[in-house]
Structures are given as C-alpha cells and as structure tokens.
Ligand SMILES: [Zn+2]
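Numbering (the numbering used here), first residue to last: -14 to 569.
In structure tokens form, the structure reads like this:
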C-alpha cells in the first residue's frame, strides 16, 4: 500500500553516517553566520497573551528562530513596548487566525494554539527582513476550508525521511505546519519485514513512534496505513489470490493475505492488533485503509475487492482500532478503484448507504487523473473527500536526483477539477526536493480559490527574500516545462536550459546571504545547473554536474555505498556510488 508504482520497498537495517555539513546547512543559514551582525541588531519585543502550554512555547521558539535567522534582530519577551503580540481568541475557528494592528504592534490571534501556529506562519511569510525587521503588513482573518490537510511521508528507500537526523525532521515538520498542514501519515513497512522477531521490526516501530511523537508535539494528527499486506513470513496457506491487474497500475506488491480464509482473517487482525498495541504510545489519531499496490485479493469470495473483501476487512480493522484508540478516524482509500471497471465505486456507495457511520473520510486518486465517480455521482456515504496527489515522482528520475522539482502549473490544473469536492488530502512525498509542491497543495486545501502563483509569491519572498519573485516564477516555469518535456520523452530546448541557468545565476547574485545559504534555494539552483548540463552541456559526467550531484547527495543524506536495493530511486546519479557492490 502507499508505495505507488513501487514493486517493493525496503527498510532500514542500519542508519548511514550523517554528514554534519548537510545538517547545519539544511537548517537554513546557521546562527553562527549572524554572530557579528546580531551584536548591532535591534531587539524586537514580543508579548504572549495566552495561557501557557507546551505547544505555545514551541510556537514562540519557532517565531524567534525564523526571524533571527533572517535578520540581525533579536526577539525577546517583554511586558512593555512589544511589537508582536501573540494571543488566543476562542471566538475564532479553532484552526483559524487573525492578524491585526494593536497600536504600534501587530497582533496574531489564534482560535487555538495550533491556529496560532498557522497564523504565525502567515505572519512570518509576510514580514520583511532586509536591513531591519518589518512586521507583517497583512491584515485579516483566515480559517481553513479543508479539514484534513495532511502529508504522507514515504519513509523508505533510505530517502531523506528515513535517514535525516531528528533535529532536521522536527524543523521540517515545523515548516510544513506553518504552511497549514495538520496531519501526518507514514507507512509501517510490513512488506520488508519477516515477523515481529525480525531485527528490522523494532527499528521500524521506533521510527513510526518517532514520527508520531514529532507530529503530536506540534499538535498534528498522526496515522498510518493499514491493509491486508503483512509480514513476508506469513504462511503460504493464507496468501491472497493474485490480482488480474490488466492495466498494470494496481500493483501486486508484497505478501497480501486473503481475509476470506478464516485463518487469514485471524492472522491479519491479530498482527494489526499487535501493531496497535506497539503504537499505544504516542497513539494513533487515524488509519488509512488501503486497497491496492500492496494489497488486494482476487479470490471468488473477495471480488470485487474494493466493494467486498476490502470493505469488510476495513470495517473489522476500524472496530479493532477503536478498541485501542476510541477516537480513531477511519479514512477509506479507493485508490485505483474500478481499474478496470468492476463496480467498486457503486458497490461502496451501496454498502455505505446501508451501513453508514464507521468510516470518516473517503480518499480517492490514481496515478494520473482524479477518478470521475465521486465528482459526478457523489461521495459514498456523503463523507468528506480527500485526495492523494503524487507530488514527488512525476517528471523526474531518480526522484529528486537533479534537485528541486517544482510543478505548480500541474498541481493547479489538477486542483481545478476537484476543488469543489475535495476537503483535504495526503500528498505523496519521497523527500524535501518538492517542497514548493507541498506549499502549493496545502494552501489549496486551506483556500481552494488561491492561485499557485500567489502561493509561490509568498514562498519566494519568505525563503529567498524580496525583489526576485518575477525571475523565480520564470525560472520555475522553465524548469516545469523541461520536466514535462522530459516526461513525454520530447527534446528539451537547449537554449531554454541555458537561459534558465543564467536566470538562476542572476537571482543568486541578488539574494541576501541567509537566502543563498538556504537549502531550498540551493536545490533550485542546482536543478537549473543540472538541467543546463543535461540538456545544453556535456551531460551529468561533467565536473560541474558531478559537483552539483555531490552537494545533493549531502543535502539528502544519501548512502554512497548501500545494501538497499531501492536506494538508487532517491539517490542523485553521482559517479562512483554503489548498491550491493554495483553501480546502478
Ligand atoms: Zn480472498
């Protein structure tokens, strides 16, 4: 499940050595860079007018950190002369915020502490940091349209999510929460584990608990995927019947179990129960029941899987889950339903009409276009609809291997078709290189009518500084065009690739020091450089390309030598790297 196009996945047995250099760089410009400037900087007074709680302390720390990394000012709490006020206002929607003038200060009010966190995100993105700090001039009240604004971190293949140091993960999760994310999903990789005694199982549990803790510390909901794919060591006698899969898009990954064999059903539920017990602390807020890719059974009793075997198993798992987590929400995924058509959508609608109340959301999507059924015939059970946009793999290989992969036009086009119906979702993410896509999609969930351009305006000014938005939009457009042509196996115009790199160089020369050292800028600049080498130069073997790939390997914490047979999917194609002794 959740592997999308993956045949299999693997999981960590050992963590790689972490290049310290990349760790400090990923945090944005290091504090040390401002040592001398801070001495002469002003002090910005901050007053907090809300009942203290751990998340509030975190919000204050995030606000201070992001300002102090961008300008020589210091932020200090004060009772008088504050320029920034943080306050609670329970007349606001819980996740909403308001930014307003209060005398000479600017007040950020949140409907809850997490509403305040999202408000601080808007505040920070609309402040200016050049020369001296200028508090946000944005005014208004804002609350999210979509109720579940998630991210799915695919924690596998020794990608960044699997191997980055915890401090980087925590910081990155702060950044996505500032953009409005309120839920995180990861996968528990039964697919590569033999049983509970497998040494990898405890490592996988520890990682899942770590993500749960990081999410909950930020007030985010946390969940995992569940299904009928369990350990590789499951007995042969209970294995599922292989799916026909004539379109080859549903996948036949893993070792799915047939829930209509009585011992199979017992095996699934007992191992799922054990997983729930193992995750009792910090606990689960939701599970996503997943039908295909890893999962499915084509036996006579299970077909059609989506509206029959899968549906009954999902209901059983929901009942089981609520024994452990009484408020557990169930998200029923319909990924790749009716591919080929076999009445799964209609069957689901009929089943939920007869037996409503156990599922909380319907999730729908496919590899490419959004399925028509829920848009044209209504969402089964009249439940809120979520999507699962693929923001990571389209138009680039290896994923993130040549740097940033911004695709704002693509996601705006896909969003236009579904925005009337969709109330949130879980973008599928393989790493940090599609950070711009994350900001775009989560802001669509927040405000369905917002344009990708306006979102990226905010992103560019906040992350790269003022005065470069027009050129950055042009650069992103050129990189997206190149990715699209490359995906269609059409030639990329060499002059355009040259121009994109020249544009990137021009922008770079105008960036403030803190932005030039920001990994977000680095991966965008490296992408422009690598596109020039690929499409207008000597290819990825040139010294300039190899240096750029080396830097990406550092930023992503990739393993230069690995036993992970899938690591090359997320590792830049630098010369001399190996997988199980071979260069892939
Ligand atoms: Zn079956």
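For glycine and all other residues, C-beta sits at the position ideal for the given N, C-alpha and C.
Between the region 499 to 513 and the region 372 to 392 there are three or more inter-stretch CB-CB distances shorter than 8 Å, so the stretches are counted as touching. In chain order, the residues with a C-beta atom nearer than 5 Å to some heavy atom of ligand 1 are 243, 245, 282, 284, 287. Within the DSSP secondary-structure output, residue 567 pairs in a beta bridge with 564. Looking only at 201, 246, 560, the smallest Cα-Cα distance to residue 162 is reached by 201. Residue 118 carries a coil assignment under DSSP once its states are collapsed to helix, strand and coil.
Here the alpha carbons of residue 59 and residue 45 stand approximately 13 Å from one another. For the pair residue 424 and residue 164, the Cα-to-Cα distance works out to about 6 Å. Residue 404 sits buried, since 16 or more C-beta atoms from the chains shown fall within 10 Å of its C-beta. The way I'd put it, the region 138 to 146 doesn't touch the region 68 to 84; fewer than three beta-carbon pairs between them come closer than 8 Å. According to the DSSP assignment, residue 404 belongs to no beta strand (DSSP E), since it is labelled neither H nor E. In this structure, the straight-line span from the alpha carbon of residue 567 to that of residue 218 is close to 28 Å. The region 191 to 199 makes no contact with the region 298 to 306: fewer than 3 CB pairs, one atom from each, lie closer than 8 Å. Less than 8 Å separates the beta-carbon of residue 176 from that of residue 214. Three or more Cβ pairs drawn from the region 487 to 497 and the region 452 to 470 lie within less than 8 Å of each other, which places the two stretches in contact.
A check of alpha carbon separations from residue 96 across 113, 111, 127 identifies 127 as the nearest.
In terms of Cα proximity to residue 232, the closest of 111, 210, 325 is 325.
Taking C-beta separations shorter than 6 Å and ignoring five residues to either side along the sequence, the partners of residue 51 in its chain run 109, following chain order. Between residue 529 and the set 552, 559, 545, the nearest pair of CA atoms involves 559.
For residue 314, the three-state secondary structure derived from DSSP is strand. Closest in C-alpha terms to residue 549, from the list 184, 143, 75, comes 143. For the pair residue 159 and residue 239, the Cα-to-Cα distance works out to about 33 Å. Residue 184 is classed as exposed because its beta carbon has fewer than 16 other beta carbons within 10 Å across all chains shown.
Fully contained in the region 304 to 369 are the following beta strand (DSSP E) runs of length 3 or more, in chain order: 314 to 318, 346 to 349. The shortest CA-to-CA distance from residue 385 to any of 29, 337, 468 is the one to 468.
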